Amino acid sequence: MNLIDHIITQKAKQEFARSMKFDDETEPHIPPGDVQQPRLLYLHIPFCEKLCPYCSFNRVVFQESVCRDYFKALRKELQLYKTLGYDFSGIYAGGGTPTVLIDELEETLALACRCFNIGEISVETNPNHLTDKNLDILKRAGVKRLSVGIQSFDDGLLKDMERYEKYGSGRDIAGRLKEILGVFNTLNADMIFNFPSQTDEILDQDLEMLLATGVDQITYYPLMVSDSTRQLVSRKLGQVEYGKEKRFYHRICERLIPQYGFSSAWCFSKQTGTAIDEYIVQYDEYAGLGSGSIGFLNGSCYANTFHIPEYIAQLNRGELPLQASRTFGIRDQMRYDFMMHLFGMKLDVAAMRRKYNGVFYRHLWPDVLAFCLAGGLRYEAPYFHLTKRGRYDWIILMREFFTAVNNFRDYCRARIAP
Ligand SMILES: C[S@@+](CC[C@H](N)C(=O)[O-])C[C@H]1O[C@@H](n2cnc3c(N)ncnc32)[C@H](O)[C@@H]1O
Ligand code: SF4
Numbered sequence: 059m060n061l062i063d064h065i066i067t068q069k070a071k072q073e074f075a076r077s078m079k080f081d082d083e084t085e086p087h088i089p090p091g092d093v094q095q096p097r098l099l100y101l102h103i104p105f106c107e108k109l110c111p112y113c114s115f116n117r118v119v120f121q122e123s124v125c126r127d128y129f130k131a132l133r134k135e136l137q138l139y140k141t142l143g144y145d146f147s148g149i150y151a152g153g154g155t156p157t158v159l160i161d162e163l164e165e166t167l168a169l170a171c172r173c174f175n176i177g178e179i180s181v182e183t184n185p186n187h188l189t190d191k192n193l194d195i196l197k198r199a200g201v202k203r204l205s206v207g208i209q210s211f212d213d214g215l216l217k218d219m220e221r222y223e224k225y226g227s228g229r230d231i232a233g234r235l236k237e238i239l240g241v242f243n244t245l246n247a248d249m250i251f252n253f254p255s256q257t258d259e260i261l262d263q264d265l266e267m268l269l270a271t272g273v274d275q276i277t278y279y280p281l282m283v284s285d286s287t288r289q290l291v292s293r294k295l296g297q298v299e300y301g302k303e304k305r306f307y308h309r310i311c312e313r314l315i316p317q318y319g320f321s322s323a324w325c326f327s328k329q330t331g332t333a334i335d336e337y338i339v340q341y342d343e344y345a346g347l348g349s350g351s352i353g354f355l356n357g358s359c360y361a362n363t364f365h366i367p368e369y370i371a372q373l374n375r376g377e378l379p380l381q382a383s384r385t386f387g388i389r390d391q392m393r394y395d396f397m398m399h400l401f402g403m404k405l406d407v408a409a410m411r412r413k414y415n416g417v418f419y420r421h422l423w424p425d426v427l428a429f430c431l432a433g434g435l436r437y438e439a440p441y442f443h444l445t446k447r448g449r450y451d452w453i454i455l456m457r458e459f460f461t462a463v464n465n466f467r468d469y470c471r472a473r474i475a476p
């Protein structure tokens, strides 16, 4: 890692560790539901049939009866947001594995569509759930974007990450993706690069197989390790280091562009413009529903309880299951927008000024200056754009941002009563 990459990593670590500290003193709350913005409804379904060792998202082993109670509680939470006056234009069902009980997901999406003015629905799933029956149900429910977790097509890597037995061989998964192409507006493949044992040859083969599937969209995450997963990842997959991350990232861009365009620094879409991207890029605001979900509404960030029985019990009492919240000052809000908009490849300075009462450089000049001097940003009125160097800067920033969020999740889980 060169000096500039190292400095960006260290500064980002410090900055995100600071901003992900939540106040234990104040009563957690969400703002009133009258904000006039297109907002997204994020629904978290934390159950997985098998847990992957590298994953530090909020997930637990699937148990049917708990999961059914959980979905019922989730629907109660939806109705509470409706009562509070919220409306949403899109849904993102993420996990865990949202399709783990397809009938419950179907009922929940139907209720959300009755409660809110939903225009688009995106759902995450795993390869073993790509059955004709599930796809029919999702299609009927109005799902426009289906995101399938692949990670790699390499059978050796799939075995190391304990996905081969459960989800099948790389060849079988690629075959199924080809078969279902066209069922949804956007078929997205979630991939990961920079596994310790991933070689240049394995990466190239993954890229060849991806291109051959013809999927509409590819989200290529850098491997992220939180404090709690580092040991397990080292044991199962090897020591994580960042020496080859930049080379791998540029190789991915080289192979996927121009067939795909950048939707974000790590998301590549065939039909840029119509494709649904990661919700944190497309929407400035999102409500987080479900246990351990994180939301961002009107400058306030909040998290729901990570304790599933407590989550269900609180909703059965008609209470919002909030665990923590924090209201950001203007400077932090602007820096969050700066990071997220540029992650989506460009930042509209005039729109930022409109949103923040004419202010832009007063709060953001140190960030703008640092990235311009490092060659990461280029200005072409009225936008700042990421340069090639800037795209990798943003991979570092987002890797550190998600790692800080995952460390925050670890902290919340550690505080759960036994
Ligand atoms: C949290 S999972 C949920 C959906 C589904 N269960 C799956 O496995 O795809 C969504 C995606 O996050 C990505 N992901 C999970 N853990 C990661 C990690 N430690 N580093 C980078 N990406 C990760 C994977 O690409 C995964 O497909
Ligand atoms: S990667 Fe997906 S399937 Fe694996 S544990 Fe995480 S959420 Fe579950």
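For our numbering, count along the sequence shown from 1 and bump the result up by 58. Think of the CB as a built atom: it goes at the ideal place given N, C-alpha and C, for glycine as much as any other residue. Quick caveat, the model's predicted, so the values are computed rather than measured.
Take K304 and list the residues in its own chain whose beta-carbon comes closer than 6 Å to its own, dropping the five residues that flank it on each side.
For K304, where only same-chain residues beyond five positions count, the Cβ hits under 6 Å are Y450.
How would you call E162, buried or exposed, if buried means at least 16 neighbouring beta carbons within 10 angstroms?
buried
Identify every run of the alpha helix (DSSP H) within the region 383-428, keeping only runs that are complete inside it and at least 4 residues long; order them along the chain.
388-401 and 407-413
Measure the C-alpha to C-alpha separation of E135 and A382 and round it to an integer number of angstroms.
17 Å
Using C-beta distances below 6 Å, list every residue in its chain close to F326, excluding the 5 sequence neighbours before and after it, in chain order.
I276, L314 and Y318
Rounded to whole angstroms, what is the Cα-Cα separation between T67 and N243?
36 Å
If I follow the unbroken alpha helix (DSSP H) through S77, where does it start and stop?
L61 to S77
Which runs of the beta strand (DSSP E) spanning at least 3 residues fall entirely within the region 228-282, listed in chain order?
244-251 and 275-280
Skipping 5 residues on each side, what residues in its chain have a beta carbon closer than 6 Å to that of A323?
F401, R449, W452 and I453, listed in sequence order.
What's the C-alpha gap between G348 and G148?
16 Å
Taking any heavy atom of ligand 2 as the mark, which residues have a C-beta closer than 6 Å to it, listed down the chain?
C106, L109, C110, C113, F115, R117, G153, G154, T155, N184 and G207
Under 8 Å, with one C-beta from each stretch per pair, do the region 258-266 and the region 207-218 reach the 3-pair mark?
yes
According to DSSP, which residues form a beta bridge with T445?
The bridge partners DSSP lists for T445 come to none.
Relative to the C-alpha of A151, which candidate in E165, Y279 and L61 has its C-alpha closest?
E165
Note the first and the last residue of the continuous beta strand (DSSP E) segment covering T166.
Counting along the chain, T166 sits inside no beta strand (DSSP E); it lies in the alpha helix (DSSP H) bounded by residues I160 to C173.
In chain order, which alpha helix (DSSP H) runs of at least 4 residues are fully inside the region 87-161?
If we require 4 residues or more, the alpha helix (DSSP H) runs fully inside the region 87-161 come out as 122-141.
From this set, R436, H187, G416 and Y414, which residue's C-alpha is nearest T155's C-alpha?
H187
When burial is assigned at 16 or more other CB atoms within 10 Å of the CB, is I103 buried or exposed?
buried
Roughly how many angstroms lie between the CA atoms of A439 and Q340, to the nearest whole one?
The straight-line gap from Cα to Cα measures roughly 21 Å.
Kindly indicate the opening and closing residues of the beta strand (DSSP E) around L355.
I352 to L355
Which residue wins for smallest C-alpha separation from F105, given the options I179, G350 and G301?
G350
At the level of alpha carbons, what is the spacing between T287 and R117?
13 Å
Among residues of its own chain, excluding the 5 on either side of I260, which ones have a beta-carbon nearer than 6 Å to its beta-carbon?
D212
Which term fits G433, buried or exposed, when burial requires 16 or more other beta carbons within 10 angstroms of its beta carbon?
exposed
Where F364 and R420 are concerned, what is the direct C-alpha to C-alpha distance, given to the nearest angstrom?
In a straight line, the C-alpha of F364 is about 38 Å away from that of R420.
With a threshold of 16 other CB atoms inside 10 Å of the CB of I388, please say whether the residue is buried or exposed.
exposed
Check for me: the beta strand (DSSP E) holding E303 runs from which residue to which?
It is not in any beta strand (DSSP E) - E303 instead sits in the alpha helix (DSSP H) that spans E303 to L314.
With 16 other CB atoms within 10 Å as the buried threshold, where does D230 fall?
exposed
So E107 and V158 are supposed to be a Cβ contact under 8 Å. How far apart are they, rounded?
7 Å
Based on the DSSP output, what are the partners of R436 in its beta bridges?
The partner list for R436 (beta bridge, DSSP) reads H443.
Can you tell me whether E343 is helix, strand or coil according to DSSP?
strand
Identify, in the order they occur along the chain, each residue of the same chain with its Cβ nearer than 8 Å to the Cβ of V298, setting aside the five sequence neighbours on each side.
N252, P254, L281, V283, R288, V291 and S292
Measuring alpha carbon to alpha carbon, tell me which residue in I370, Q137, L380 and V206 is nearest S123.
I370
The beta strand (DSSP E) spanning G319 covers which residue range?
G319 to S322
By alpha-carbon positions, which one of K71, D63 and H64 ends up nearest to F460?
K71
Of the choices D342, I250, R76 and N60, whose alpha-carbon is the least far from that of I310?
I250
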